[in-house]
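Student: Numbering-wise, our numbering comes out as the position in the sequence shown, counting from 1, plus 1. C-beta: ideal position from N, C-alpha, C; glycine also. Structure below; questions to follow.
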Amino acid sequence: MCSMESLNGRGRETDIFHTKGVSVSLQAKLSNNVNVLYNRYTVGSSFGNKIKLGRYSHCLTYTCIISFVNIVQNKMVLAKVFKYQHMFRGFPKFSDLKLVEEELPEIEDGEFLAEAVYLSVDPYMRAYAPRIPIGSTMIGSQVAKITESKNPDYPVGKYVVANFGWRTHTISNGKEEGVVFQPYILPDFEGLPISYGIGGLGRIGNTAYFGLLDICKPKEGETVVISGAAGSVGSIAGQIAKIQGCTVIGIAGSEEKGKWLTEELGFDHFINYKTDDVEKALKAAAPNGIDCYFDNVGGDISSTVIYQMNHFGRISVCGSISSYNSINEPEDILIQFPLVFKQLRMEGFNVSRWSDRHMEGIKQNLKWIKEGKLKCRETVTNGFENMFEAFTEMLKGKNVGKAVVKV
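In structure tokens, the structure reads:
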């Protein structure tokens, strides 16, 4: 007896072989295909002896023949997906996620099928993890190629940037639930890598662009400090500060990163928080104080910077990666004193605030890249199965620039 399960529509499982009757429409569809099958296909041991399929093969029921047609003409796609299996506690463990395969149905009207080409791993994923429902797809954005479409807004062959999460294939109608940024067609990057769509020419670039310019509002001649300076956002924010005519101090965790920041990106000073006395190094690099601080790390480093800020200084809080993997709450360091008596402005943000100006940031960053004023660097990990490794290496600060996984 043949047995096989297949998805019939969305979320409905149907056992084709145990269907009691066969509709007229299915019989008609079968008759159009079976002559072709007669000359091309044979059935193996699961049907007993090797039997050729003909229009009047009485040894096979219509249901078995229909099922065979489905097998040989099957257009279903297997998607590899990382599921969030256990809540991260402390540093993420591989067992917290589960790699599974999902069989996708054929697309319906208004939908398209996209195959991931590049996926992003970012610090925010760790911070947002407690909000992810157990059993759902691990969050994240990707650049994907549209391979099949029944939606004119998403034509085949185009690349799309979307919050599809950690998965290789996705069916979408272009209206993802629970996200501000809906899937959009990748703009023309004028020959630049399409992976920039999840980096310097995507939300990462916009995070640096709007977070620095709209919150810190740096002025020419001012001193700007960037923590997490060699990361995807920090490296771009520092370069934008240089474009504005500022003195830029970058804080990062290796001499390799420091060399890249100062020799290639044009940062004026570099502080290695692992080997330098950050307080003394800041006083040496900024003897007249700090005007703007773009904060990616939080913790002791940020407190040290804030205490050396000038009156009416501006602080843009992008993240706090130093505490994302902490099991215990970090000790309080009082920053109210400098905030009050120096009249500092400290503001947290999410790039979704500027969703209506999304293309503004991309176009300006693209212009600066083409002019040679802005450089993007990627740390690329090959293979979808290595998503978790890329994620944890990024959390350890092993990446320089944007961490990307190439499928």
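Rounded to the nearest angstrom, how far is the Cβ of Gln-143 from that of Leu-114, given a contact under 8 Å?
Tutor: In fact, because the Cβ distance is near 14 Å, the residues do not count as touching under 8 Å.
Student: Who are the near neighbours of Leu-375 in its chain, counting only those whose CB is closer than 8 Å to its CB and skipping five residues on each side?
Tutor: Closer than 8 Å at Cβ, skipping near neighbours: Gly-201, Ile-237, Gln-240, Ile-241, Ile-244, Asn-366 and Trp-369.
Student: Go to Lys-99, then tell me how far its alpha helix (DSSP H) extends in each direction, as first and last residue.
Tutor: Per DSSP, Lys-99 belongs to no alpha helix (DSSP H); it is in the beta strand (DSSP E), 98-105.
Student: Using DSSP with H/G/I as helix, E/B as strand and the rest coil, what is Tyr-155?
Tutor: Coil.
Student: Using 8 Å as the Cβ pair cut-off and three pairs as the minimum, do the region 121-137 and the region 168-180 touch?
Tutor: The region 121-137 vs the region 168-180: no contact.
Student: For the candidate residues Val-118, Pro-188 and Ala-231, whose alpha-carbon lies nearest to that of Tyr-274?
Tutor: Comparing Cα positions, the closest option is Ala-231.
Student: Tell me the DSSP secondary structure of Ser-24 in three-state form.
Tutor: Because the pLDDT of Ser-24 is 38, which lies under 50, any placement of that residue in the model is unreliable, and the question is left without a value.
Student: What first and last residue would you give for the beta strand (DSSP E) that runs through Tyr-85?
Tutor: Where Tyr-85 is concerned, the enclosing beta strand (DSSP E) stretches over 78-85.
Student: Buried or exposed for His-270, going by 16 or more other Cβ atoms inside 10 Å?
Tutor: By the 10 Å Cβ count, His-270 comes out buried.
Student: DSSP on Glu-191, reduced to helix/strand/coil?
Tutor: Reduced to three states, the DSSP call for Glu-191 is coil.
Student: Identify every run of the alpha helix (DSSP H) within the region 280-359, keeping only runs that are complete inside it and at least 4 residues long; order them along the chain.
Tutor: Those alpha helix (DSSP H) runs which fall completely within the region 280-359 and span 4+ residues are 300-307 and 337-342.
Student: Do you know offhand how far Phe-95's Cα is from Thr-393's?
Tutor: Going from the Cα of Phe-95 to the Cα of Thr-393 covers about 9 Å.
Student: What first and last residue would you give for the beta strand (DSSP E) that runs through Ile-252?
Tutor: Unbroken beta strand (DSSP E) run through Ile-252: 248-253.
Student: Mind checking Tyr-63: buried by the 16 CB within 10 Å criterion, or exposed?
Tutor: The predicted model places Tyr-63 with a pLDDT of 46, which falls under 50 and marks its position as unreliable; any figure quoted below should be read in that light. The residue in question, Tyr-63, is exposed, as its Cβ has fewer than 16 Cβ neighbours within 10 Å.
Student: According to DSSP, is Glu-149 helix, strand or coil?
Tutor: Looking at Glu-149 - three-state DSSP - the assignment turns out to be strand.
Student: According to DSSP, is Phe-1 helix, strand or coil?
Tutor: Residue 1 lies beyond the stretch modelled for the chain, which goes from 2 to 408, so this question has no answer here.
Student: Can you name the start and end residues of the beta strand (DSSP E) that Ser-228 belongs to?
Tutor: Ser-228 -> beta strand (DSSP E) spans 224-228.
Student: Only counting the same chain, and skipping five residues up and downstream in sequence, which positions put a Cβ closer than 6 Å to that of Cys-217?
Tutor: Within the same chain, Cys-217 has close Cβ partners Cys-293, Arg-315 and Ser-317.
Student: Note the first and the last residue of the continuous alpha helix (DSSP H) segment covering Lys-403.
Tutor: From DSSP, Lys-403 is part of no alpha helix (DSSP H) but of the beta strand (DSSP E) over 403-407.
Student: Which value, in whole angstroms, describes the spacing of the CA atoms of Glu-112 and Thr-263?
Tutor: Each residue's alpha carbon lies about 47 Å from the other.
Student: Of the choices Ser-321, Ala-287, Gly-290 and Asn-289, whose alpha-carbon is the least far from that of Asp-301?
Tutor: Checked all of Ser-321, Ala-287, Gly-290 and Asn-289; the closest Cα to Asp-301 is Ser-321.
Student: Please name the residue in Lys-281, Thr-248 and Leu-213 whose C-alpha comes closest to that of Leu-266.
Tutor: Checking every option, the nearest Cα to that of Leu-266 belongs to Thr-248.
Student: Can you name, in chain order, every residue of its own chain whose Cβ lies under 6 Å from the Cβ of Gly-229, other than the five neighbours on each side?
Tutor: Within the same chain, Gly-229 has close Cβ partners Gly-235, Asn-297 and Val-298.
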